[in-house]
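**Student:** Residue numbers (the numbering used here): -8 to 102.
Built from N, CA and C at the ideal position, the CB exists for glycine as well.
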Amino acid sequence: MAKLVRPKIAPPKADFHNYDATRKAEATWLETLKAQLKADNPDDELAGEEIKFQVADNYARYVVVSSKPLQLIHLTFGDAYTYQYITRLRLSDVQQEVQKAKRWAALFTRK
-8 MAKLVRPKIA
2 PPKADFHNYD
12 ATRKAEATWL
22 ETLKAQLKAD
32 NPDDELAGEE
42 IKFQVADNYA
52 RYVVVSSKPL
62 QLIHLTFGDA
72 YTYQYITRLR
82 LSDVQQEVQK
92 AKRWAALFTR
102 K
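(1) For K15 and D84, what's the separation of their Cα atoms in angstroms?
(2) Using the DSSP secondary-structure output, state which residues sit across from H65 in a beta bridge.
(3) Y74 to A51, Cα distance in whole Å?
(4) For I42, does the three-state DSSP call read helix, strand or coil?
(5) Near M(-8), which residues of its chain fall below 8 Å by C-beta distance, leaving aside the five closest residues on each side in sequence?
(6) Mind checking A47: buried by the 16 CB within 10 Å criterion, or exposed?
(7) What are the start and end residues of each continuous beta strand (DSSP E) run of 3 or more residues lying completely inside the segment -3 to 47, in chain order?
(8) Considering just the uninterrupted stretch of the alpha helix (DSSP H) at K93, what are its terminal residues?
(9) How would you label L37, buried or exposed, when you count the other beta carbons within 10 angstroms and need 16 or more for buried?
(10) Return the chain-ordered list of same chain residues with a C-beta closer than 7 Å to the C-beta of D35, the five sequence neighbours on each side being excluded.
Below is the structure:
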């Protein structure tokens, strides 16, 4: 079962008057977080991978901290939607979601 943990690096504060700056700060923070997680767990192939679940008009987004034990960080960007079954996910579920995300990315990547 998955456990939610807090990130070591605090996420950026949203500036509702400057949407572009907020999106840029969030993207930079997310890349830094993913790089840190991969560096902290170099043998874990899932560390730093992002998974998301469709909720309402957007997604609930999470980043994998480690696979053993299964730990995730909730990304509180935008509407900060949560997935109601997140703590019930097993490692196989997360692996499947990561593979699905990679297949979608490969499908829509321009060559």
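**Tutor:** Put simply:
(1) 30 Å
(2) Y53
(3) 6 Å
(4) strand
(5) L61, T78, R79, L80 and R81
(6) exposed
(7) 41 to 46
(8) L82 to L98
(9) buried
(10) S57 and S58
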